[in-house]
Every structure is written in structure tokens, then in C-alpha cells.
């Protein structure tokens with residue numbers, strides 16, 4: 010995964026959270042937002058922990 014893909018998925022997850030039909034869906038999308046943000050930070054720092062560690 011490159012950074013552009015991660016930024017895109019982060020934004021899509023934010024949109025989905027804002028438009029979720031229930032609290033459970035909203036929380037799931039916000040969890041994805043946090044995971045993508047952590048992976049983006051990890052990639053920018055040059056570490057490999059997170060979503061793409063196995064790739």
C-alpha cells in the first residue's frame with residue numbers, strides 16, 4: 010500500500026463514519042480511520058508496524 014492509497018482510504022472511512030446509519034457502523038468506520046492514521050504515521054516515520062507490516 011502506498012501513502013496515496015492510505016490517505017484515500019482514510020478519507021473514505023471518514024466519509025462513511027459521517028454518513029453511518031447507526032452508532033455501531035460509525036464506531037467501526039472510526040476505528041478504520043484510526044488504523045489508517047496510525048499506518049500513515051508509521052510509514053512517514055519509516056517504521057513497519059501496522060496495517061501493511063506483513064506486506
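In my numbering, the protein residues as written are 10 to 64.
Idealized CB from N, CA, C, for every residue including glycine.
Give the straight-line distance between the Cα atoms of residue i and residue j, rounded to the nearest whole angstrom.
| i | j | result |
| --- | --- | --- |
| residue 35 | residue 55 | 30 Å |
| residue 22 | residue 42 | 6 Å |
| residue 11 | residue 29 | 27 Å |
| residue 32 | residue 38 | 10 Å |
| residue 14 | residue 25 | 16 Å |
Quick one: what does DSSP say residue i is sitting in, helix, strand or coil?
| i | result |
| --- | --- |
| residue 28 | coil |
| residue 11 | coil |
| residue 63 | Confidence in residue 63 is poor, its pLDDT being 48 and thus under 50, which makes the residue's placement too unreliable to answer from. |
Can you have a look at residue i and say buried or exposed, based on whether 16 or more other CB atoms are within 10 angstroms of its CB?
| i | result |
| --- | --- |
| residue 45 | buried |
| residue 17 | exposed |
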